[in-house]
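Here's the structure we're looking at; comments come further down.
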Amino acid sequence: MDDVTASTKNTLTTGYMVGDLIPIAYMNSNTGALTAPSYTYLQIPKATFSSQCSDNSFAQFTKSTPYSSCNRQVYDLSAGCSTILNATIMFSKTYVASISKTTTQIPSNYVQINPRTVTSDKLGTLNYIPPSTFNVDANGNKICSNAITRVAYVITYDKGITAVQVDLWLTTVNFTSTTSSQQMFVPQWTSITFAYQSTALLDKGVVRNNSGNPGYNRGSPVIAGALTTVTAFENSLGVSQQSAIMQPIGGFNVYQGDCNGMSPVTVTFDQDLVSSCQLSLSLDDLRTICSKNDITILRQVDNYFNSFARFGNANLTNSNDWVTVQEDGGPFSTWDESTYTCNSLSGGSQYEIIIAQQGSTTNGQWKIAGVKRSRIAKKWRFNVGTSTLIGASTNNNSTTQKFWPEWRIRFVHLQSQSTSKSIYPIPNLLPSLPKDVFYPFELLSSGSTIPTPTSTIVLLIIIATVTPYVMY
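Numbering (full-length UniProt numbering), first residue to last: 1 to 472.
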């Protein structure tokens, strides 16, 4: 009886309680009706002991979680490419319940999941969700393009959920013909961030990075993000917008390992870093990159980290707490068709983070004073074997070569200007005469054959001055 009473008291019919699971539904393309899936709630896949993805883990209201990784087991790449790896199937017609206690019979109680950013390793940044495509190349390798590799939910809420956005990263999955097993594992990352609506994403309800109070602690993550303008509220009175910093959980990070972003490395304060990742490109891919002088993953990092926190406890909505990245003009790439070489390609980014101490010399607080970003010129050449038919369209995309974009992070110490202690001479309290007060008498004394003491002359002058003349 006590359990029933407690359950009744904690039940809300007009909103969510902290920790509630979030119901989802799919729209039927033919009828427009909403249907709840068998698992009912919004999933956040987590890794089991064998690192495989378990779909028995669900999002909880207001419980923001950082990226978690797991390996998605796929027995048939052709089938997986059209279902579990297909972003169009997973997100284009997916809805989330705006209140916790509702039914699919009331569609107005659901909000659709909308893509905020979509990034493909082949197509670059998109404003739509492309379908995954499956094909088999000339060598018998199975390829799934635009497969889901990384998902980041941003859920805005008030009493209930008001909006759901998702950032998607899509990649190419290859299954070589030499593999004896028919199953494979595709790494996937998932995160979820809850944002309180009245502060437009950013002051309440969001997991906030903190790397010091106020100054940075050495070895703590460097806090960075992208300046964006978001809607605080929209009603009959109008629209209120606010500028704030959108930042990833974990701070400023770059790529390592494979360039699909599965293994980001965090940049920590006052610790230099050099990192690179492996990018597989065909000859046509390299030509395209060289003509645009643009590598997608480098641009992703640059666009996502254009503002750095001055102090370790920077306010997300106070622009004065953030430093804007200053960028040099990069090199200009040129393509040499005779050697299949891209010269002066912007193949890396170097960050110079200027740091200094502020405040008392006995308790100085470390801050970021400025950030400069410059491009690293690279020479990438596609090596084609003598037995390969150069320029043949069948070989341009079936043969790939590995290249390594690079990031260099360097911290530059700005010398602090501490105050110096000045010691001044003790002032003379007795009156002093100018050095040349006896100038005429010194001349007379120097011209006489009989030396006359200067003190005698001074005494006579004083006596003559102070003794009155009396006439008898």
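Where a beta carbon is used, it is the ideal one built from N, C-alpha and C, also for glycine.
TODO: Measure how close the beta-carbons of F58 and Y41 come, nearest whole angstrom, since I'm counting them as under 8 Å.
DONE: 4 Å
Task: Contact check, L85 vs D121, beta carbons under 8 Å - done: no
TODO: Determine the contact status of S69 and A33, defining contact as a CB-CB distance below 8 Å.
DONE: no
Task: R218: first and last residue of the uninterrupted beta strand (DSSP E) it sits in - done: That residue, R218, is in no beta strand (DSSP E); it is neither H nor E in DSSP.
Task: Straight-line gap, I409 to G257 (C-alpha atoms, nearest Å) - done: 17 Å
- [ ] Mind reading off the beta-carbon distance from I129 to L168? Whole number of angstroms is fine, and I expect it under 8 Å.
- [x] 7 Å
TODO: Measure the Cβ-Cβ separation of P264 and Q365 and say whether it is below 8 Å.
DONE: no
Task: Cβ neighbours of I285 in the same chain (closer than 7 Å, five flanking residues each side left out) - done: The question names Ile, but residue 285 in the sequence shown is Asp. Result list for D285: empty, nothing under 7 Å.
Task: For D300, the residue or residues it bridges with in DSSP - done: What sits at residue 300 in the sequence shown is Gln, not Asp. Note: Q300 sits in no beta bridge, so no partner.
Task: Backbone secondary structure at K142 - three-state DSSP - done: strand
TODO: May I ask you to report which of helix, strand or coil DSSP gives T48?
DONE: coil
Task: Contact the segment 101-119 vs the segment 131-138: 3+ CB pairs below 8 Å - done: no
TODO: For the beta strand (DSSP E) holding T341, just list the boundary residues, first then last.
DONE: T341 to Q358
Open item on the list: To the nearest angstrom, how far is the alpha carbon of I390 from that of L123?
Closed with: Here the model assigns I390 a pLDDT of 38, short of 50, so the residue's position is not dependable and the matter cannot be decided.
- [ ] Measuring alpha carbon to alpha carbon, tell me which of T361, E406, W335 and A309 ends up nearest V371.
- [x] A309
Task: Three-state class that DSSP yields for A163 in the structure shown - done: strand
Open item on the list: By alpha-carbon positions, which one of D272, Y26 and Y196 ends up nearest to V96?
Closed with: Y26
Task: CB contact flag (F175, Q73, <8 Å) - done: no
- [ ] Measure the Cβ-Cβ separation of S19 and S100 and say whether it is below 8 Å.
- [x] The amino acid at residue 19 is misidentified as Ser; the sequence shows Gly. No; because the gap between Cβ atoms is not below 8 Å, this pair is not in contact.
Open item on the list: According to DSSP, is K372 part of a helix, a strand, or is it coil?
Closed with: strand
Task: Cutoff 6 Å; reference F269; Cβ partners in own chain excluding five residues on either side - done: Y216, R218, S220 and V222
Open item on the list: What does the alpha-carbon distance come out to for the pair residue 473 and V154?
Closed with: Because the chain is modelled from 1 through 472, residue 473 falls outside the range shown and cannot be assessed.
Task: Beta-carbon proximity of Q188 to P45, cut-off 8 Å - done: yes
TODO: Taking 8 Å as the threshold, find out whether the segment 399-414 comes into contact with the segment 284-302 through three or more Cβ pairs.
DONE: yes
Task: Between the CA atoms of G348 and F305 - distance to the nearest angstrom - done: 15 Å
TODO: Using beta-carbon positions only, say whether C144 and C53 come within less than 8 Å of one another.
DONE: no
- [ ] With distances taken Cα to Cα, identify the nearest neighbour of S346 among I289, I148, N56 and P425.
- [x] I289
TODO: Tell me whether I89 sits in a helix, a strand or coil according to DSSP, three-state version.
DONE: helix
Task: Integer Cβ distance of R375 from P331, believed to fall under 8 Å - done: 6 Å
Task: A195 classed as buried or exposed, judged by whether at least 16 other C-beta atoms fall within 10 angstroms - done: buried
TODO: State the start and end residues of the unbroken alpha helix (DSSP H) segment that holds L273.
DONE: First-last for L273: L273 to S282, but that is the beta strand (DSSP E), not the alpha helix (DSSP H).
- [ ] Give the DSSP bridge partners of T171, in chain order.
- [x] A147
- [ ] Report the residue from I24, S29 and D321 whose alpha carbon sits nearest the alpha carbon of P37.
- [x] I24
Open item on the list: Measuring alpha carbon to alpha carbon, tell me which residue in T362, S338 and T324 is nearest E352.
Closed with: T324
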